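Protein chains in written order, with this note's numbering: chain R, 1 to 115; chain Y, 116 to 230. This report refers to the structure that appears directly beneath it.
Number of protein chains: 2
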Amino acid sequence: MIRRMDSGFVVRALGALAHESRLAIFRALVVSGPPGMAAGRISSKLRIAPSSLSFHLKDLAHAGLVQSRQEGRFIFYSANFDAMNGLLGFLTENCCEGSACAPRASRSTRHGGKS
Amino acid sequence: MIRRMDSGFVVRALGALAHESRLAIFRALVVSGPPGMAAGRISSKLRIAPSSLSFHLKDLAHAGLVQSRQEGRFIFYSANFDAMNGLLGFLTENCCEGSACAPRASRSTRHGGKS
DNA sequence: ACTATATTTCAATAATTCTTGAAGTATGGA
DNA sequence: TCCATACTTCAAGAATTATTGAAATATAGT
C-alpha cells in the first residue's frame with residue numbers, strides 16, 4: 001500500500017509527531033517493533049492518562065503512522081514503518097536538496113506544480 | 116555549530132514544518148539554496164499576506180530551520196541545511212530503527228517512486 | 001526632511017488542539 | 001449473568017496557534 005506523498009499527508013504526519021507525547025509514543029512503538037505494544041502498556045510506561053493516550057493514538061493512526069490490531073481485550077499499536085520511510089524520503093528529497101543535506105543526489109530542477 | 120538533538124528541538128522543528136504555508140516556505144527556501152529569498156518575494160510567490168508570512172518565518176526561525184540576513188531594504192531568508200540534516204538524522208535513528216526503514220548509509224541517494 | 005519600499009509588530013479575533021473525568025463499549029472469565 | 005479489565009468516546013473548558021488590517025520600524029533615494 002504505497003501511499004502517495006502529497007503535502008497533505010506530510011503535514012498531517014509531521015503534525016502528528018510534533019508533540020512530546022506523540023513523539024514519545026511513536027518512538028516507543030518503533031522500539032517495540034512490528035508486534036507493537038498494548039495501549040495500557042504505553043499508558044503506564046509513558047504516564048499518559050488513558051483518554052489522552054487514546055486521543056494521541058487516534059491522531060497518529062489518522063496520520064497513517066501507526067496501526068492497531070485487537071488481541072483479546074488488548075489493542076496493540078505498532079509503528080507503520082513504510083509510512084515513516086515515505087515521510088523521511090519526502091523530507092530528504094523535497095527539503096534537503098539545496099546543499100549539504102543530501103550527499104550529492106538529485107539536483108532536480110523540475111518542480112512542477114504543487115502537490 | 117552543532118545543535119543538540121533533544122526532543123524539544125525536534126518537536127519544535129516538526130511543528131514548524133507541520134503547516135501547509137510553512138512547509139511550502141521551507142521547500143521554496145531549500146530550492147533557492149544558500150542565497151535564499153527576500154521576504155517579499157516569498158510573499159508574492161506563495162501568496163501569503165506579509166504579516167502572516169512574518170509570523171510563519173518567525174516560527175521557522177525560532178525552530179532553527181531558517182535564518183535571515185539583511186541586504187539593503189530586503190531581508191533574505193534561507194534554509195538551515197544543517198538543522199534539517201540534524202532533524203532527519205534524529206528521525207532516522209530514533210524513529211526508524213525497528214524494521215524496514217532506511218539502510219542509513221544509502222538513504223537519500225535514490226528513492227524510487229516519488230509522487 | 002520627505003517619500004516610497006520592505007518588513008515586522010500589534011491587537012483582536014478566529015480556529016484548532018489538548019486535557020481529563022465520566023460515561024460508554026467490548027472482551028473474557030467465573 | 002455479573003464482574004473486572006481494557007480501551008474509547010464524550011463534553012466542556014483550557015491552552016495554543018493562526019489570520020490580518022493597521023500601525024510601527026528601517027532603509028534608500030531625492
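Heads up, the beta-carbon is just placed ideally off N, CA and C, and yes, glycines get one too. Nothing here was measured: the structure is a model prediction, and the numbers come from that model.
Task: Other residues of its chain near residue 23(R): CB distance less than 8 Å, five sequence neighbours each side excluded - done: Position 23 of the first sequence, counted from the start, is the residue given in the question as residue 23(R). Cβ within range, chain order: 17.
TODO: Leaving out five residues on either side along the sequence, give the residues of the same chain with a beta carbon under 8 Å from the beta carbon of residue 229(Y).
DONE: Start at 1 with the first residue of the second sequence, and residue 229(Y) comes out as number 114. Unreliable positioning characterises residue 229(Y) in this predicted model, as indicated by a pLDDT of 34, which lies under 50. A coordinate reading is not provided.
Task: Contact between the segment 173-192 of chain Y and the segment 57-73 of chain R (3+ Cβ pairs under 8 Å) - done: no
- [ ] Please decide whether residue 181(Y) counts as near chain R, where near means a Cβ-Cβ distance under 9 Å.
- [x] Along the second sequence, read from residue 1 onward, the residue named residue 181(Y) stands at position 66. Taking Cβ atoms only, chain R never reaches closer than 9 Å to residue 181(Y), which makes this a no.
- [ ] Say whether chain Y places a C-beta atom closer than 9 Å to the C-beta of residue 47(R).
- [x] Position 47 of the first sequence, counting from 1, holds the residue named residue 47(R). By this cut-off, residue 47(R) is not an interface position.
TODO: Pick out the complete beta strand (DSSP E) segments inside the segment 188-217 of chain Y, 3 residues or longer, and give them in chain order.
DONE: 189-194
Task: For residue 181(Y), the nearest candidate out of 59(R), 90(R), 95(R) (CA to CA) - done: Counting from 1 along the second sequence, the entry for residue 181(Y) is found at position 66. Of the listed residues, the one whose Cα sits closest to residue 181(Y) is 95(R).
Open item on the list: So, with DSSP's three-state summary, where would you put residue 128(R)?
Closed with: Here chain R covers residues 1 to 115 and nothing more, so residue 128(R) does not appear.
- [ ] Examine chain Y for any beta-carbon lying closer than 9 Å to the beta-carbon of residue 7(R), and answer yes or no.
- [x] Numbered from its first residue, the first sequence carries residue 7(R) at position 7. Output row for residue 7(R): interface = yes.
Task: Proximity test, Cβ basis, 9 Å: residue 19(R) and chain Y - done: The residue you call residue 19(R) lines up with position 19 of the first sequence. By this cut-off, residue 19(R) is an interface position.
Task: Closer than 8 Å at the beta carbon, the chain Y residues around residue 27(R) - done: Along the first sequence, read from residue 1 onward, the residue named residue 27(R) stands at position 27. Simply 209, 210.
Task: Simplified DSSP state of residue 127(Y), which is helix, strand or coil - done: To locate residue 127(Y), count along the second sequence from 1; it is residue 12. Residue 127(Y): helix per DSSP, three-state reduction.
- [ ] Note down, in chain order, all residues in the segment 49-61 of chain R with a beta-carbon under 9 Å from any beta-carbon belonging to chain Y.
- [x] none
Open item on the list: Considering only DSSP beta bridges, list what residue 69(R) is partnered with.
Closed with: For the purposes of this step, residue 69(R) is identified with residue 69 of the first sequence, where counting begins at 1. In DSSP, residue 69(R) forms a bridge with 76(R).
Open item on the list: Could you tell me the alpha carbon to alpha carbon distance between residue 38(R) and residue 45(R), rounded to whole angstroms?
Closed with: Numbered from 1 along the first sequence, position 38 holds the residue referred to as residue 38(R). Numbered from 1 along the first sequence, position 45 holds the residue referred to as residue 45(R). Their Cα atoms are separated by approximately 11 Å.
Task: residue 85(R) versus residue 212(Y) - alpha carbon distance - done: In the first sequence, counting from the first residue as 1, residue 85(R) sits at position 85. In the second sequence, counting from the first residue as 1, residue 212(Y) sits at position 97. Rounded to the nearest angstrom, the two C-alpha atoms are 11 Å apart.
TODO: Tell me, please, whether the CB atom of residue 41(R) is closer than 9 Å to any CB atom in chain Y?
DONE: Locating residue 41(R) in the first sequence gives position 41, counting from the first residue. Closer than 9 Å: no.
TODO: Could you work out which residue in 134(Y), 196(Y), 203(Y) is closest to residue 144(Y) when comparing CA atoms only?
DONE: By one-based count along the second sequence, residue 144(Y) stands at place 29. Nearest of 134(Y), 196(Y), 203(Y) to residue 144(Y), Cα basis: 196(Y).
TODO: Can you pull the chain R residues whose beta carbon is under 8 Å from the beta carbon of residue 152(Y), in chain order?
DONE: Position 37 of the second sequence, counted from the start, is the residue given in the question as residue 152(Y). Within chain R, no residue comes near residue 152(Y); the closest Cβ sits about 12 Å away, beyond 8 Å.
Open item on the list: Does any residue of chain R have a CB that is nearer than 9 Å to the CB of residue 184(Y)?
Closed with: To locate residue 184(Y), count along the second sequence from 1; it is residue 69. Taking Cβ atoms only, chain R never reaches closer than 9 Å to residue 184(Y), which makes this a no.
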